[in-house]
Amino acid sequence: MSNNIDWKNLSFGYIKTDVNVRSYYRNGKWGQIEATSSEEITMHMAATCLHYGQAAFEGMKAFMGKDGKIRLFRWRENWKRLASSSRGILMAEVPEDIFKEAIDRVVLENKHFIPPYGTGGSLYIRPLLIGTGARVGVSPADEYLFMVFVTPVGPYFKEGFKPVKMQLVRDYDRAAPLGTGNIKVGGNYAASLRAGERAKGEGFAAPIFLEAKEKKYIDEAGPANFYGIKNNTYVTPESASILPSITNMSLRTLAEDLGLKVERRHITVEELATFEEAGACGTAAVISPIGEIHDRDTGDIYKISKDGNPGPWSEKLFKTLQGIQYGEVEDKFNWCDIVE
Ligand SMILES: *Cc1c(COP(=O)(O)O)cnc(C)c1O
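Here our numbering is used: the first residue of the sequence shown is 866, the next is one more, and so on.
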């Protein structure tokens, strides 16, 4: 029931909503979208998602706008990325129309779970695509399940937009240069769990992974992309093992629009010392400003925020992007679609 949700104290966890939606791929075809109130799925014990990692997902959000309209942020980019993930691990691709219909339906049927405007919350949308066909030998499944569930989430920063500490590591890699780092598959998360839990246990928000081959360049900031800002330039790593973040893509556009130069190139560990601002970006937080980066091996500490506050550019980028999502700032790049 959504009428007893305490919107002001929502965390970033799971809350049951009324329905989730599903479509099954069988005999080479996607079936009708079905809505169900069940939170469970039944599948064969030899399903490829369980043994061979045929599982990809997306993360996106719907927002209750200032004008009372429901805005979906850049959904087509999530659809494209899911298609790219599907090709990457040989799963059936979800057609654009099925993807959009599923999103619209799950959002509209759970409309009263969208946090009201002004609470800073949003409806987190989780599309999931898994291989359900049974296989014992290693090969792709012949059957797939595409499903989408939603859950209301609160603002990521309950104590305000404050810089976090991150831990640079070399003894774990999230992804290999020619592996699956550039697609959003479950296996990448499994590979990053050990470094992630250790970083948290040692007092950091997330590990920073280096590009796995050279071990010289910044790759990702945990489950988010990295950017640094200096000399009026927004710099973000170029690498084959980075997940192409839609938030980062949007921030690059906004940065340019706000008058910054934008560079996508290698960022060495030493260069961290030169940034005036840095952040991790993704759908969940939009931006997590990075205050300090501790090198776990050398003990070097890169102090990026001098006064414990996020930098002015990060703040401006964060406010502009959120403003567009809530319908407070003109959507001049046509990033939002109204769900009705
Ligand atoms: C999902 C994800 C991101 C962020 O992508 P967005 O599209 O901005 O949400 C960044 N890095 C990794 C590893 C991810 O899985």
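Beta carbons: idealized from backbone N, C-alpha and C, even for Gly.
key: N-terminal and C-terminal residue of the beta strand (DSSP E) that His1159 is part of   = 1151-1160
task = Just the C-alpha distance for Met908 and Leu915, rounded to the nearest angstrom, thanks.
result = 10 Å
request  = Report, in whole angstroms, the separation of the C-beta atoms of Lys1142 and Gly1093, which I expect to be a contact under 8 Å.
outcome  = Checking the sequence shown, residue 1142 turns out to be Glu, not Lys. Their Cβ separation, rounded to whole angstroms, is 7 Å, which keeps Glu1142 and Gly1093 in contact under 8 Å.
ask   = Under a three-way DSSP split, which group does Ile1120 fall into?
value = Checking the displayed sequence, the identity of residue 1120 turns out to be Ala instead of Ile. Note: Ala1120 maps to helix in three-state DSSP.
request  = Would you check whether ligand 1 has a heavy atom nearer than 7 Å to the C-beta of Cys1201?
outcome  = no
inquiry  = Does Ala1064 come out as helix, strand or coil in the three-state DSSP assignment?
reply    = helix
inquiry  = Going residue by residue through the stretch 973-1059, where are the continuous beta strand (DSSP E) segments of at least 3 residues, counting only ones entirely within it?
reply    = 987-996, 1009-1018, 1029-1034
ask   = How many angstroms separate the CA atom of Tyr1021 from the CA atom of Ala1149?
value = 7 Å
query = Taking the alpha helix (DSSP H) that Thr901 falls in, what are its first and last residues?
reply = Thr901 -> not in any alpha helix (DSSP H); beta strand (DSSP E) instead, spanning 899-901.
task = Per DSSP, which residues does Ala957 bridge with? Please list them.
result = DSSP lists no partner for Ala957.
query = In chain order, what residues of the same chain lie with their CB nearer than 6 Å to the CB of Asn1090, ignoring the 5 residues before and after it?
reply = Ser1110, Asn1113, Cys1146
inquiry  = Using only CA atoms, which one of Thr1118, Trp1200, Ala1064, Gly1046 lies nearest to Glu1085?
reply    = Gly1046
key: With 16 other Cβ atoms within 10 Å as the buried cut-off, status of Met910   = exposed
task = Please confirm if the stretch 1173-1189 is in contact with the stretch 1115-1123, defined as three or more CB-CB distances below 8 Å between the two stretches.
result = yes
request  = Name, in chain order, the residues that DSSP records as bridge partners for Cys1090.
outcome  = The amino acid occupying residue 1090 in the given sequence is Asn; Cys does not appear at that position. Paired residues: Glu1085, Cys1146.
task = Determine, using beta carbons only, whether Ala1006 and Gly1019 come nearer to each other than 8 Å.
result = no
key: Helix, strand or coil at Thr882 [DSSP, three-state]   = coil
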